[in-house]
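Residue numbers (the numbering used here): 447 to 780.
The beta-carbon is built from N, C-alpha and C at its ideal position, and this holds for glycine as well.
Please read these numbers as outputs of a predicted model, since none were measured by experiment.
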Amino acid sequence: MPTDVTPVTFAGGVLRILDQRALPHDVRYIETRDPAGVAAAIRTLAVRGAPLIGIAAAYAMALGARRGDEPAATASMLVATRPTAVNLRWAVERMLSAGRDAASAEAEAARIHDEQRASDARCGEHGASLIPDGATVLTHCNTGALATGGGGTALAAITTAHAQGKRVEVLVDETRPLLQGARLTAWELARAGIPHRVIADGAAAGIIARGGAAAILVGADRIAANGDVANKVGTYGLALAARAHGVPMYVVAPVSTIDAATASGGGIDIEQRDEDEVLAFAGSRVAADRSRALNPAFDVTPAALVTAIVTERGILRPPYGAAIASATREAVAR
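Next comes the structure, spelled out in C-alpha cells:
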C-alpha cells in the first residue's frame with residue numbers, strides 16, 4: 447500500500463486508526479487515547495484483519511499503561527472483542543509480559559508492529575514463488591496491508607509476484623456480507639496497479655471448475671495444531687471447489703496465527719456477528735421484516751484440503767502437525 451495511507455499509527459500517546467468501514471470512498475481516521483476506543487474499533491470492524499487486530503490491541507495495552515489502567519482488565523476487554531482471531535490474544539499476552547510501565551509497553555507494541563512488517567515481507571517472498579508467470583489467482587476477503595499493518599499476507603504474495611515482473615491477474619471474491627474483497631482488496635489492487643476483477647462469491651466455484659483460476663490464495667484468522675484453518679466465511683467452499691478441480695489452495699499467514707494449544711478446527715470458537723449484517727445492505731433492510739439471519743464470520747477448512755501453508759518461516763506442507771510444531775518451536779527460540 448502507498449505510504450500515504452496507513453491502517454494504524456501510534457505517536458504521542460495517540461493511536462490513529464484508518465476507519466476501514468468508510469473505504470473505498472472515504473479515507474478517514476479515528477484517534478483515541480483510550481483502550482476502550484480501540485476495543486470499539488476492533489469490535490465494529492473499523493480496524494480488522496487478524497494481524498492488524500493484534501497490533502491495534504498491543505497499542506491499546508500501551509495506552510492503558512499510560513493511563514495507569516489495570517493491565518488484566520484491559521486485556522480481558524480486548525480479548526472479548528473478536529474471539530476467533532488468535533493474533534489478538536497472542537499480542538495481548540505478549541503485552542502482559544512486557545511490564546506495567548508505559549515506556550516498556552510502548553516499546554513492546556512497536557516491536558510487535560515491526561515484526562509484522564518483516565514477517566509480511568518474508569511471507570510475500572515465499573508466497574510469490576508459488577505463483578506462475580501469467581497466472582490468474584483467486585483470493586477471498588482482504589489480506590493486504592489493511593489487514594496486517596505491513597505488506598499483507600496472501601495479497602503480499604500477489605503484490606510481490608507483480609513487483610518481480612510476473613504477469614498476474616486477480617479474481618477478487620466480493621466477500622459477503624461486508625464486502626471486504628470488493629471494498630478493500632480491490633481498492634488496494636487498484637492503487638498498486640495490479641489487474642483484477644471483482645466476482646460474486648457464488649461465481650467462484652464455477653470459475654474454478656472452468657479452469658479460470660490457477661491457484662487460490664487466502665489468509666487465516668487461526669490455524670490449529672493439525673493445520674485446520676479458520677478464515678473468513680466462504681473459504682471452506684473455495685477449498686472444496688479447488689480440491690474437486692485440482693487447483694492448489696494456499697494459506698498465507700504468520701506463525702503468530704498458529705494456535706498450537708488448539709488441536710484441531712473443532713476447538714476453534716467461531717464468531718457469530720449481528721444478524722443485520724446479512725439482513726441489510728448499506729444500511730437498508732433487504733430481507734422481509736420477520737426474517738432472521740445466521741451470520742458466522744468464519745468457517746474452518748480441514749487441513750486435508752490445504753495444499754500448503756505459507757509463513758515467514760517458510761512453506762509448510764503436509765503432514766502439518768510436524769511442520770507446524772517445528773515452525774512454532776523455531777519462533778519461540780527466536
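{"Item": "Given E634, which residues of its chain have a CB within under 7 angstroms of its CB, disregarding the five upstream and five downstream residues?", "Value": "M447, G590, A591, L592 and L601"}
{"Item": "According to the Cβ coordinates, are A628 and V644 closer than 7 angstroms?", "Value": "yes"}
{"Item": "Taking the alpha carbon of G573 as the point to measure from, which residue in M695, A728, I704 and A709 has its own alpha carbon closest?", "Value": "M695"}
{"Item": "Using a Cβ-Cβ distance under 7 angstroms, would T478 count as near chain D?", "Value": "The displayed structure is made up of one protein chain only, and chain D is not part of it."}
{"Item": "I think V664 touches D745, with their Cβ atoms under 8 angstroms apart; what is that distance to the nearest whole Å?", "Value": "Wrong, their Cβ atoms sit about 11 angstroms apart, outside the cutoff."}
{"Item": "CA-CA distance, G458 and S772?", "Value": "39 angstroms"}
{"Item": "For the alpha helix (DSSP H) containing T753, name the first residue and the last one.", "Value": "No alpha helix (DSSP H) contains T753, which DSSP labels as neither H nor E."}
{"Item": "Kindly give me the distance between the Cβ atoms of A502 and I463, rounded to whole angstroms, as I take these residues to be in contact under 8 angstroms.", "Value": "7 angstroms"}
{"Item": "To the nearest angstrom, report how far apart S681 and D647 are at their CA atoms.", "Value": "Note that residue 681 is Thr in the sequence shown, not Ser. One C-alpha to the other measures close to 10 angstroms."}
{"Item": "Closer than 8 angstroms is the cut-off here; do at least three beta carbon pairs connect the region 688 to 705 with the region 660 to 676?", "Value": "yes"}
{"Item": "Can you tell me which of the three DSSP states R462 falls into?", "Value": "strand"}
{"Item": "On the three-state DSSP scale, how would you describe S543?", "Value": "helix"}
{"Item": "Suppose contacts are defined by Cβ-Cβ distances below 7 angstroms. Is G596 in contact with R563 by that definition?", "Value": "yes"}
{"Item": "Starting from L635, trace the alpha helix (DSSP H) in both directions and tell me its first and last residue.", "Value": "A632 to A638"}
{"Item": "Check whether the region 468 to 477 and the region 604 to 622 touch, using three or more Cβ-Cβ pairs below 8 angstroms as the test.", "Value": "no"}
{"Item": "Mind checking V732: buried by the 16 CB within 10 Å criterion, or exposed?", "Value": "exposed"}
{"Item": "Under a three-way DSSP split, which group does G598 fall into?", "Value": "coil"}
{"Item": "Secondary structure at A773, three-state DSSP: helix, strand or coil?", "Value": "helix"}
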